[in-house]
Amino acid sequence: MSTSRPCGYSSASRGPCSRGISQSSVAQTTSTGRSTDYADACPIGTVALEVANNNEVLRVATAEVFEEWVGTATRWFGRWVAEPETAQSLAYSMVMMLEGAFMLSRAARDPEPLRVAGRSMAALLHTAITRADQD
13 MSTSRPCGYS SASRGPCSRG ISQSSVAQTT STGRSTDYAD ACPIGTVALE
63 VANNNEVLRV ATAEVFEEWV GTATRWFGRW VAEPETAQSL AYSMVMMLEG
113 AFMLSRAARD PEPLRVAGRS MAALLHTAIT RADQD
């Protein structure tokens with residue numbers, strides 16, 4: 013695949029986007045979490061969890077937001093992996109990891125779950141790119 017690599021990725025690097033995902037994005041998210049005492053980790057996720065079974069209008073609205081996030085992330089990951097299914101799987105993984113990390117960080121008042129999610133996402137992307145390069 014002859015595309016540019018994310019965040020200075022190279023085959024010899026520790027992982028793709030380790031600077032972009034793990035350090036920049038997660039640092040900003042953990043900083044925001046701390047400054048708000050984790051009160052607003054993800055309002056969309058909170059609404060989805062609270063009303064999905066009781067309010068169809070809000071369930072649809074939150075589903076549409078998540079669908080947009082997954083679509084945007086799928087296009088972003090698609091810049092580095094050729095297979096649309098792989099890009100979409102990475103996008104779903106990112107949203108799922110972040111939503112879970114938001115909940116864990118909020119419950120524990122600890123940014124470590126967000127840091128772990130960032131490192132895990134970088135490792136997944138690294139693996140996907142390495143596999144794509146081998147094909």
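In this text, residue positions in the sequence shown follow the working numbering: the first is 13, and each later residue adds one. Yeah, the Cβ is synthetic: ideal placement off N, Cα and C, and Gly gets one too. Predicted, not measured: the structure shown is a model, and the values here were computed from it.
Reduced DSSP secondary structure (H/G/I, E/B, other) of residue i
| i | result |
| --- | --- |
| G90 | coil |
| D145 | helix |
| R121 | coil |
| A73 | helix |
| E95 | coil |
| A64 | coil |
Distance CB(residue i)-CB(residue j) smaller than 9 angstroms
| i | j | result |
| --- | --- | --- |
| A94 | D147 | yes |
| A60 | F78 | yes |
| S132 | P123 | no |
Same chain only: Cβ atoms within 8 angstroms of residue i, ignoring 5 sequence neighbours per side
| i | result |
| --- | --- |
| V82 | Q100, A103, Y104 and V107 |
| A75 | A60 |
| G112 | P125 and A129 |
Contacts around residue i, its chain only, beta-carbon distance under 7 angstroms, and the 5 residues preceding and following it disregarded
| i | result |
| --- | --- |
| L136 | L102 and S105 |
| F63 | It should be noted that the sequence gives Val, not Phe, for residue 63. The answer, listed in chain order, is L70 and R71. |
Residue i at chain C interface by Cβ criterion, 9 angstroms
| i | result |
| --- | --- |
| A113 | Chain labels in this structure do not include chain C; a single protein chain is all it has. |
Pairwise C-alpha distance: residue j and residue i
| i | j | result |
| --- | --- | --- |
| C54 | F114 | 7 angstroms |
| A119 | T139 | 30 angstroms |
| I56 | E97 | 25 angstroms |
| T84 | R91 | 11 angstroms |
| L110 | P125 | 9 angstroms |
| T142 | R87 | 18 angstroms |
| N66 | A73 | 13 angstroms |
| T154 | R127 | The question about residue 154 has no answer, for the chain in this structure spans 13 to 147. |
| A144 | E80 | 25 angstroms |
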